Structures are given as structure tokens and as C-alpha cells.
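Trainee:
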Amino acid sequence: LTESEALLKLKSSFTKAGALNSWVNGSLPCEGEVGWDGLVCSNGAVTDIRLGGFGISGQIDVDALLELSNLRSISIMSNNFSGPIPAFNRLGSLRAIYLSRNRFSGEIPSDYFANMGSLKKVYLSSNMFTGKIPSSLAQIPRLSELLLDNNQFSGTIPSIDQPTLASLDVANNELEGEIPSSLTKFNASTFEGNGGLCGEPLGNECKVAAAERPAGSKNTNISKNMIIAIVVAAVVLLMIIVVLIVRSRKKKRDEFDVLEHEKRNSEERVVEVRVSQSGSSRKEADSIHRKGSSSSRRGSNNGKGNMAVDLVVVNNEKGVFGLSDLMRASAEVLGNGSSGSAYKAVMANGVAVVVKRMREMNALGRDQFDAEVRQLASLRHWNILTPLAYHFRKDEKLLVYEYIPKGSLLYLLHGDRGPSHAELNWPTRLKIVQGIAQGMGYLHTELAYSSIPHGNLKSSNILLSPDFEPLLIDYGFFPLINPLDAAQALFAFKAPEAAIFGLISPKCDVYSLGIVILEILTGKYPSQYLNSNKGGTDVVEWVNSAIADHRQSELFDPEIASSRNSIGEMKKLLHIGAACTESDPEHRLDMMEAIRRIEEVQVEGGQEDRTMNFIPSLRDSYEDSFPQITFEARNSYDGLGGLSRTRLDSHSFASQSSGRPSSDDNFVFAIP
Ligand SMILES: Nc1ncnc2c1ncn2[C@@H]1O[C@H](COP(=O)(O)OP(=O)(O)OP(=O)(O)O)[C@@H](O)[C@H]1O
8 LTESEALLKL
18 KSSFTKAGAL
28 NSWVNGSLPC
38 EGEVGWDGLV
48 CSNGAVTDIR
58 LGGFGISGQI
68 DVDALLELSN
78 LRSISIMSNN
88 FSGPIPAFNR
98 LGSLRAIYLS
108 RNRFSGEIPS
118 DYFANMGSLK
128 KVYLSSNMFT
138 GKIPSSLAQI
148 PRLSELLLDN
158 NQFSGTIPSI
168 DQPTLASLDV
178 ANNELEGEIP
188 SSLTKFNAST
198 FEGNGGLCGE
208 PLGNECKVAA
218 AERPAGSKNT
228 NISKNMIIAI
238 VVAAVVLLMI
248 IVVLIVRSRK
258 KKRDEFDVLE
268 HEKRNSEERV
278 VEVRVSQSGS
288 SRKEADSIHR
298 KGSSSSRRGS
308 NNGKGNMAVD
318 LVVVNNEKGV
328 FGLSDLMRAS
338 AEVLGNGSSG
348 SAYKAVMANG
358 VAVVVKRMRE
368 MNALGRDQFD
378 AEVRQLASLR
388 HWNILTPLAY
398 HFRKDEKLLV
408 YEYIPKGSLL
418 YLLHGDRGPS
428 HAELNWPTRL
438 KIVQGIAQGM
448 GYLHTELAYS
458 SIPHGNLKSS
468 NILLSPDFEP
478 LLIDYGFFPL
488 INPLDAAQAL
498 FAFKAPEAAI
508 FGLISPKCDV
518 YSLGIVILEI
528 LTGKYPSQYL
538 NSNKGGTDVV
548 EWVNSAIADH
558 RQSELFDPEI
568 ASSRNSIGEM
578 KKLLHIGAAC
588 TESDPEHRLD
598 MMEAIRRIEE
608 VQVEGGQEDR
618 TMNFIPSLRD
628 SYEDSFPQIT
638 FEARNSYDGL
648 GGLSRTRLDS
658 HSFASQSSGR
668 PSSDDNFVFA
678 IP
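Throughout, this note's numbering is defined as the position within the sequence shown, counted from one, plus 7.
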């Protein structure tokens, strides 16, 4: 069957399918603007069926669906379907099934999900399902959203312990027993409305069966003995834990307090990087003192024994180095973001790297963490900066990247009025947007299994090569971050559906891309980057109201608005930015469509001259041209106050030192 024949066969299994009157013979399902309603297509093939709220009932012809070889998700939410759950499990490559708010009933076989290895989202809320929650849900490796609320599921909750699970709802069923420990990270509302459930999130202790037995003398003695044994074991365990903590604190100090232990020659530049003390206070640690010149460098072999093994090099393009090389490197703080803090370190061999100390990255054990980072490090694309190495300890995760001297797009757009800013003309900005789109397209293909392949796209995570080729960083972190902290740490969670309903999907990345496009075109600092409601410009709101009033031309950054011949193309890009930030994800562009449209934008209307070809060999050639000490003060997003301080700093710095920082500058700089 062709796709249209298959879809018409599906339609014929429905009753009350009046809303599908665009599904007719003689037209094509995926034909541009006039394609059939309720379908999402990519490259002319149907990828998603979205029939939410179409008023349909009847059967679902799964045989017809089997003919749609690119189908990734199916939504039939808020319709009138009834009967047992359809055999969607025959569609092994589905990533999402949305069946909520219908009248499905009956038990779901326990092995229903056994062969659905690609599934990430399962929405079964507000139906009439009965029986046990299928245990095969525990076999879906990357399950991220599971909504089973408002049904009649009974029995205990199976132990679903996938670290990827970010959203769960089993409220208002007939469940009983203890909430599995792997799910205690979710709050009470996830579980309420089930009379028989107990455990930490609900604040009601589960009764031990033995305690309910009648108090016969033999049993009482046994339980007394048991209690004594448990108390003794607990005391011993506590003592062991205390000893281990004391030891590990001592070890941490040994490893990281570079300065405390070594009295250095006063001629040397002294750098203090206390990476890990208590985990709670970065404040005390982030300071840099510069004294004298940096002419003498330490030899490379008085580090701490075998610390090199602590750093796992996953990409040896910049050579192999160890933690001890980083410890001895001259270093400076680059900033503190929502996912961690970043330090620049110039190692004795001259290689400059950035060490990112990640907060809230404790979702995975060592082996899974290793597998995830290696996967990220295996990516190769000229618009992607892959990690070089990582360091894993239970409470400490470091990621190491090549240092990119030009810095971030955020800094160039808003924090630096120097020559690099002046070069941000329209052709350069378009080149940057198109490079970002290329990088995102690559990530969405290579990490297609992830709900949010990038997850943290924003202008501070876009670095620039000397010729303004963008390099994306901080991508693919979603599986690594503690599920409960992901919303705080990753910008993609600012997409309205994620912020309000916790719904995450690749479309959240599209939203982030849209914000960056609007930021680049308007030159405004988006308020969306801030956690407080103060400061910045709500670029989405501003652009939408200007488009509605036909005032688009007023939006462009004055520094590019003078390119008169290009206004038409700028408007084209503006509309793409607006379509990417559409608040309803259903109406938002999908990533591939956004990329296709971005690629069509030209420097000037109708001209082909885009001079946008990538020069891949540049990365190695610019390192020498930069002074070894650079002064940077890119602050955290603690409000726009932080940002204006940054500007002030770079201005006052420029006037004191006639432009560029050099190793002869002598000043002390501390980040509070
Ligand atoms: N490899 C790199 N080369 C040069 N600068 C970098 C590199 N990696 C990060 N930076 C810069 O260091 C600064 C601090 O980065 P960091 O990642 O800690 O914070 P952020 O990007 O502001 O927020 P988030 O933690 O959410 O990503 C940012 O301005 C970033 O652009």
C-alpha cells in the first residue's frame, strides 16, 4: 500500500471521522500547505499522527499503520475510542503513544511493552483500564514520560527504575503497597488518590507485616532480638560511613586544594582553583589572584601520583592529559551557569581547555555515564564542539572541552563592544544562524533517541570560531542530569509546554532555536534566559505584537537594519524565529522544517552570494595568536544586573589597558 492508501484504510476503520475530510483520494497526505489534517511529515513521509480532539470513534486498523514505515508517534487523545488497548505494540519503532482521555478499558497484558524498545512516552490517562500496571514498562530503556492517572489500575506499582523517567503520574487508581524506592523522587501528587499506596512521597509509613501479627510471646522475643540486631547493625554502619566521609574529605582536599599545599615562588603567577570542598559553596572558591608575570612554568612531573587515571580521555584530538596536568595549569573562572561552573585552564604544553564542573549530574552510575559521554564524544560536525575528557566521582563530575578564544555568542552580542561585535553584520549573523541550524540538524539525527537531543541551546552555549562559525556546546545532557533538576538546569525546559505541563519533546529544542534567532535579529537580551521576571526583553511577545501590527522593520538590531537590500530576507528569518517560538508545540515548526526554511534565507533577496562555506581546518591555527591570559567576566544569569556589570567591566578594562589583556597586567579579580 502507498501511504495515502494506508491512511484511507485507517480512516475507513473509524466512525465519526468527519474531521478528516481532507483525507481523500486524489491528494497527497504530505503535500506542502494542502497536506492532510492531523499529520506531521518529514521528507514527504508521515512521521506523526495527531488526531487529538477530532471526535473520532470506532476501531484502529493497526495493519494500516504498519504500512507507514516512518511513523514515530501516534496521538488519539480526547476522542471516543473504547474497547481494549489497540495493538500498537506491533509498531516496534514508535517513540510515543498518546491515548489519554478516551474510553479504553480492560487489562493491558503484562508483556505488552516488551518489544517497544524505542518508546519514550506513554500517555494512558483518563481511560478505564483495569488490572495490574504492565511490568514490561520496566523494560523500555529510555522511558521518559509515563502517565497512567485516572484509570482503575490495581495491585502494586512495578519497579520502574529507568533514570530517564522524568515525568510520572499514577494518581487516582486503585493501587496499593509500597511505592518503589526508584520512584520516591516524584512528589505526592504523582501518587495521590490511591487508597492503598504508602511510602515516603505520601508521608505515610508502610506497615511491616510482622508488626501486624498478634503479639505471641515467641514472636515478641524474635522481633525484640531483631530490633536489637538492626540497631547494632545501624550503629556499625554509621561508624563506617563517618570514617569513609572523613577519608574522602581528606582525599578531596589533597586532590584539589592546589594552593593550600604548595608555597609557590613569588615570581610565579598564582592561581587558586578549589574545585570541590563541601559541594554547597562555590562562593568561597572562585577567586583568581594574579601576581607578577607568568614567565616561569612548573615542570610537569610533581603531580599527585596516578591522578591522570582519574581523567578519562574520550577524544584525543588535543592529546592525552590527566587531572594532575589540569591541577598544575594556570586557570581562571569563566562563569557560573545554571548547569555548573566553567574554568579555563592552560596546561604546561600550551593546550588551553575549559573544565566544566557540572552540578546535578548524578543521574547515572559510572558505566552509564561513561557510555553517554562517549556517545557525545563520538559526534563529529563542524558546528559541534565535542568533549575531550571527563572525570567521574560520585559527587563530582567534570567535563573538559577545548577552549575557544572568541567566546560565546551571548558575550559577543551583549557583552562586548569591541571589534568582534562590529563584525556582527547581517551576513555574519545569518551565517551564525545557519551554522546553528546545521549543528541542531546533526544532533537531532544522531541523538534522535533522546526526548531533547540538545536540551540547552542558548547564546552562551554557542561559541564562535575565528571566522564566526558557530560551535554548539552543552548538548545531550538530558540523560545525565538528575531528573528533578533538569527543569532548572536545561534551557529547553523553558518551552511553555515544558514549563507549564512538564511535556518535553524535540520541539523544546525548536523553541530554544527560535529564541536564539530572535536574539540575533533584535540584538536584545531575551528575558527568557532569566529566572526572575525582571530584566531583558520578552523577545517572543515583542516580535509577535510587531508582526501583528506590521511593524517588523522596527525590530531589527540597528546595527544590521541598515542593510536595506536585505530587509526582506531578515523578515523571512524573523518569521521563522516566530514560528519556532510558537507557544503551542503542535503549531510550532518541527526541527527539520525549521532547518529547511533557515537554509533558504539569503544574504540579499534573490542573490546566491552567501560566502558561507565552512573552513574546517581553522581550529588548530588560532591558538597562538591569543595572549595566554585573557580577561573574562561572563557572569551567571542572576538577573540583568550581572550582565550590565559585565559590560562595565569590559569597558573599564579596555580603557585601562588599551584594548587587549596581556600577561603583564596586574590586578586581582574576584567573583563573589
Ligand atoms: N569551550 C569553551 N571555550 C570558551 N568559552 C567557553 C567554553 N565553554 C564555556 N565557555 C563560556 O564560559 C562561560 C561559563 O559557561 P557555563 O557553561 O558555566 O555557563 P552558561 O553557559 O552561562 O550556563 P549553562 O551552565 O546553563 O550552560 C560561558 O560564557 C560560556 O560561553
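Glycine is no exception: its CB is placed at the ideal position from the N, C-alpha and C atoms. Note that this is a predicted model, so its numbers are computed, not measured.
Can Ser345 be considered in contact with ligand 1, in the sense that its beta carbon sits closer than 7 Å to one or more heavy atoms?
Mentor: Sequence index remark: in the sequence shown, residue 345 carries index 338 (1-based). Within the cutoff, so yes.
Trainee: What is the DSSP secondary structure of Val340, counted as helix, strand or coil?
Mentor: Here residue 340 corresponds to residue number 333 of the sequence shown, with the count starting at 1. Three-state DSSP puts Val340 in a strand.
Trainee: With a threshold of 7 Å, establish whether the CB of Ala349 neighbours any heavy atom of ligand 1.
Mentor: Looking up residue 349 in the sequence shown gives position 342. Under cutoff, so the answer is yes.
Trainee: Taking 8 Å as the threshold (C-beta atoms), are Pro490 and Ala370 in contact?
Mentor: Taking the sequence shown and counting its residues from 1, the one referred to as residue 370 is at position 363. Taking the sequence shown and counting its residues from 1, the one referred to as residue 490 is at position 483. Yes, the Cβ-Cβ distance between Ala370 and Pro490 is below 8 Å.
Trainee: Nearest-angstrom Cα distance between Leu581 and Ser76?
Mentor: For the purposes of this step, residue 581 is taken as the residue at position 574 of the sequence shown. For the purposes of this step, residue 76 is taken as the residue at position 69 of the sequence shown. Their Cα atoms are separated by approximately 34 Å.
Trainee: What does DSSP give as the partner residue(s) for Ala455 in the beta ladder?
Mentor: Taking the sequence shown and counting its residues from 1, the one referred to as residue 455 is at position 448. The partner list for Ala455 (beta bridge, DSSP) is empty, contrary to what the question assumes.
Trainee: Quick check on Ala236: buried or exposed, where buried means 16 or more other Cβ atoms within 10 Å of its Cβ?
Mentor: Position 229 of the sequence shown, counted from the first residue, corresponds to residue 236. With fewer than 16 other Cβ atoms within 10 Å, it is exposed.
Trainee: On the DSSP letters alone, give me the boundaries of the alpha helix (DSSP H) that Glu526 sits inside.
Mentor: Here residue 526 refers to the residue found at position 519 when the sequence shown is read from its first residue. From DSSP, the alpha helix (DSSP H) with Glu526 extends over Pro513 to Thr529.
Trainee: On the DSSP bridge assignment, give the partners of Cys48 in chain order.
Mentor: What you label residue 48 is simply residue 41 of the sequence shown in a count that begins at 1. Paired residue(s): Val53.
Trainee: Tell me whether Gly542 counts as near ligand 1, meaning its Cβ is closer than 7 Å to at least one heavy atom of that ligand.
Mentor: The residue you call residue 542 lines up with position 535 of the sequence shown. Every heavy atom of ligand 1 is 7 Å or more from the Cβ of Gly542, so no.
Trainee: At what residues does the beta strand (DSSP E) containing Pro128 begin and finish?
Mentor: Your numbering for residue 128 matches position 121 in the sequence shown. A small correction: the amino acid at residue 128 is Lys; Pro does not occupy that position in the sequence shown. Counting along the chain, the beta strand (DSSP E) containing Lys128 begins and ends at Lys128 to Tyr130.
Trainee: Given a cut-off of 8 Å on the beta-carbon distance, is the pair Tyr105 and Ser82 in contact?
Mentor: Along the sequence shown, read from residue 1 onward, the residue named residue 105 stands at position 98. Along the sequence shown, read from residue 1 onward, the residue named residue 82 stands at position 75. Contact: yes.
Trainee: I need the straight-line Cα distance from Ser11 to Leu98, nearest angstrom please.
Mentor: Numbered from its first residue, the sequence shown carries residue 11 at position 4. Numbered from its first residue, the sequence shown carries residue 98 at position 91. Cα to Cα, Ser11 sits roughly 18 Å from Leu98.
Trainee: Any contact between the region 439–452 and the region 332–345? By contact I mean 3 or more CB pairs, one from each, below 8 Å.
Mentor: Taking 8 Å as the limit for Cβ pairs, the verdict is that the region 332–345 does not touch the region 439–452.
Trainee: If I'm right that Ala26 touches Cys37 with Cβ under 8 Å, what's the distance once you round it to whole angstroms?
Mentor: Counting from 1 along the sequence shown, the entry for residue 26 is found at position 19. Counting from 1 along the sequence shown, the entry for residue 37 is found at position 30. Ala26 to Cys37, Cβ: 18 Å. No contact.
Trainee: Would DSSP call Glu367 helix, strand or coil?
Mentor: In the sequence shown, counting from the first residue as 1, residue 367 sits at position 360. Three-state result, Glu367: coil.
Trainee: I'd like the list of long-range same chain contacts for Gly202, defined as Cβ closer than 8 Å, with 5 residues on each side in sequence excluded.
Mentor: In the sequence shown, the residue the question calls residue 202 occupies position 195. Within the same chain, Gly202 has close Cβ partners Glu181 and Glu183.
Trainee: For Ser20, which of helix, strand or coil comes out of DSSP?
Mentor: For the purposes of this step, residue 20 is taken as residue 13 along the sequence shown, with counting starting at 1. Of the three classes helix, strand and coil, the one that applies to Ser20 here is helix, per DSSP.
Trainee: Between the C-alpha atoms of Asp264 and Leu405, what's the straight-line distance to the nearest angstrom?
Mentor: Within the sequence shown, the letter at position 257 stands for residue 264. Within the sequence shown, the letter at position 398 stands for residue 405. Reliability of the predicted coordinates at Asp264 is poor, the pLDDT of 36 falling under 50, and the value obtained from them is presented with this limitation in mind. The alpha-carbon atoms of Asp264 and Leu405 are separated by roughly 16 Å.
Trainee: Hey, how far is the Cα of Asn486 from the Cα of Thr171?
Mentor: By one-based count along the sequence shown, residue 486 stands at place 479. By one-based count along the sequence shown, residue 171 stands at place 164. In the sequence on display, residue 486 carries Pro and not Asn. Near 6 Å, if we compare the C-alpha coordinates of Thr171 and Pro486.
Trainee: What residues in its chain sit with their C-beta under 7 Å from that of Gly206, if we drop five residues either side in the sequence?
Mentor: Here residue 206 refers to the residue found at position 199 when the sequence shown is read from its first residue. These residues qualify, in order along the chain: Glu185, Ile186, Thr191 and Cys213.
Trainee: Cβ of Asn122 within 8 Å of Cβ of Asn157?
Mentor: On the sequence shown, position 115 is the one that residue 122 refers to. On the sequence shown, position 150 is the one that residue 157 refers to. No, they are not a contact pair.
Trainee: Spell out the partners DSSP gives Met5 in its beta bridges.
Mentor: Given that the chain is displayed from residue 8 to residue 679, the structure contains no residue 5 and the question cannot be resolved.
Trainee: In this structure, what does DSSP give as the bridge partners for Phe1?
Mentor: Only positions 8 to 679 of the chain appear in the structure, and residue 1 is not among them; the question remains open.
Trainee: What would DSSP say about Asn323, mapped onto helix, strand or coil?
Mentor: If you number the sequence shown from 1, residue 323 lands on position 316. Helix.
Trainee: Does the Cβ-Cβ distance between Leu497 and Leu479 come in under 8 Å?
Mentor: As a first step, residue 497 is located in the sequence shown; it is residue number 490 there, counting from the start. As a first step, residue 479 is located in the sequence shown; it is residue number 472 there, counting from the start. Contact: no.
Trainee: Distance, Cα to Cα, Gly347 vs Gln146?
Mentor: Against the sequence shown, residue 347 aligns to sequence position 340. Against the sequence shown, residue 146 aligns to sequence position 139. Rounded to whole angstroms, Gly347 to Gln146 spans 32 Å at the Cα level.
Trainee: Cβ of Ile63 within 7 Å of any heavy atom in ligand 1?
Mentor: Indexing the sequence shown from 1 puts residue 63 at position 56. Outside the cutoff, so no.
Trainee: What is the DSSP secondary structure of Pro434, counted as helix, strand or coil?
Mentor: The residue given as residue 434 occupies position 427 in the sequence shown. DSSP places Pro434 in helix when its eight states are reduced to three.
Trainee: Does DSSP classify Leu470 as helix, strand or coil?
Mentor: Counting from one through the sequence shown, the residue named residue 470 turns up at place 463. Residue state, collapsed to three classes: strand.
Trainee: Can you name the residues that DSSP bridges to Glu181?
Mentor: In the sequence shown, counting from the first residue as 1, residue 181 sits at position 174. Glu181 pairs with Ser161.
Trainee: Go through the region 532–594 residue by residue and report every complete run of the alpha helix (DSSP H) that reaches 4 residues or more, in order.
Mentor: Listed in chain order, the complete alpha helix (DSSP H) runs (minimum 4 residues) inside the region 532–594 are 546–555, 565–568 and 574–587.
Trainee: In whole angstroms, what separates the C-alpha of Ile443 from that of Met577?
Mentor: As a first step, residue 443 must be located in the sequence shown, where it is residue number 436. As a first step, residue 577 must be located in the sequence shown, where it is residue number 570. Computed Cα separation, rounded: 16 Å.
Trainee: On the three-state DSSP scale, how would you describe Leu154?
Mentor: Sequence index remark: in the sequence shown, residue 154 carries index 147 (1-based). If DSSP states are grouped into helix, strand and coil, Leu154 belongs with the strands.
Trainee: Considering Cα atoms alone, identify which of Ile56, Ser29, Ser49 and Gly33 is closest to Trp43.
Mentor: As a first step, residue 43 is located in the sequence shown; it is residue number 36 there, counting from the start. Considering only alpha carbons, the answer is Ser29.
Trainee: Within its chain, find whatever has a CB closer than 6 Å to the CB of Pro533; leave out the 5 residues flanking it on each side and keep chain order.
Mentor: For the purposes of this step, residue 533 is taken as the residue at position 526 of the sequence shown. So the qualifying residues of the chain are Ile522, Glu526, Gly543 and Val546.
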